[in-house]
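Anchor point for the sequence shown: position 29 equals 53 in this note's numbering, and the numbering is continuous, going up by one each time. Even for Gly, the Cβ is constructed at its ideal location relative to N, Cα and C. Remember, it's a predicted structure, so these values are computed and weren't measured experimentally.
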Amino acid sequence: MGSRSGSSTTTSTPPVAPDENRPPVVKGPAIFSYTCAGLVTGVALVAVVVFYCNRHVRRRAHVVVAGGGGREDDDVRSVAGVAAKIPEFAYTGSASGGEGAAQCSVCLGAVRGGEMVRRLPACKHLYHVECIDMWLASHATCPLCRTEVEPPPGDDGGRPAPAAGESSPTEALPPV
25 MGSRSGSSTT
35 TSTPPVAPDE
45 NRPPVVKGPA
55 IFSYTCAGLV
65 TGVALVAVVV
75 FYCNRHVRRR
85 AHVVVAGGGG
95 REDDDVRSVA
105 GVAAKIPEFA
115 YTGSASGGEG
125 AAQCSVCLGA
135 VRGGEMVRRL
145 PACKHLYHVE
155 CIDMWLASHA
165 TCPLCRTEVE
175 PPPGDDGGRP
185 APAAGESSPT
195 EALPPV
């Protein structure tokens, strides 16, 4: 048997098709699905960011009202000052809590005889001292009818009285 000279047997790999090196091409419904998933994810992300931003703003506003400083803090102090100027007294109405008994609309409890209460000057609504003081620490209105709470008549609202010979700013203005 003879040997073949000059010829070598090499096994060559088949040529690689050019399409195997490229990533698969996505067509038709798959593109639509990926687009929809991306849009839904984007909208959800924006909603989460808006939610946390609004929550942050509300918390900061609450801190300002609760005494964080600034111009709003002056308003809170003036409202709390009004509460201190409304006289408190012992309720002498129905001690039995019957039909004629007053009700505190802050705590929704009956006002009983002997309990300390405040009557708002403008609307004449009656509240437990602790309840209305807590309410007025953050609101400037009656809890029941939303009438602005002002100092009782005859109170100057905390402004110093004019010195002798001075007139108040409203008295210095000519009538309109």
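- Distance from the CA atom of A114 to the CA atom of M140, rounded to whole angstroms, is 4 Å.
- Rounded to the nearest angstrom, the gap between the Cα atoms of C60 and A71 is 16 Å.
- In the three-state scheme derived from DSSP, where H, G and I count as helix and E and B as strand, V130 is classed as coil.
- Nearest in C-alpha terms to L132, of all of S162, H152 and L144, is H152.
- Judged by beta-carbon spacing, E174 lies within the 8 Å limit of V106, meaning their Cβ atoms are closer than that value.
- With distances taken between CA atoms, C147 lies nearest to E172 out of V74, E172 and V67.
- Within the model, the alpha-carbon separation for M158 versus Y76 is close to 29 Å.
- Contact annotation: S129 and L160 have beta-carbon atoms that are not nearer than 8 Å.
- For M140, the beta-bridge partners assigned by DSSP are A114.
- Inter-residue distance for T165 and G117 is about 25 Å (C-alpha atoms, whole angstroms).
- If you draw a straight line from the Cα of R170 to the Cα of R84, it is about 25 Å long.
- Annotation for E112: M140, R142 and V153 place their beta carbon closer than 6 Å to its own, counting only its chain and skipping 5 residues before and after.
- For the 8 Å CB-CB criterion, L150 and A134 do not form a contact.
- Ranked by how close their Cα comes to the Cα of I110, the residues V73, L144 and G138 have L144 in first place.
- Between the alpha carbons of R79 and S162 lies a gap of roughly 19 Å.
- Closest in alpha carbon position to A108, among I55, G52, Y58 and I156, is I156.
- A direct Cα-to-Cα measurement between G137 and L69 gives close to 58 Å.
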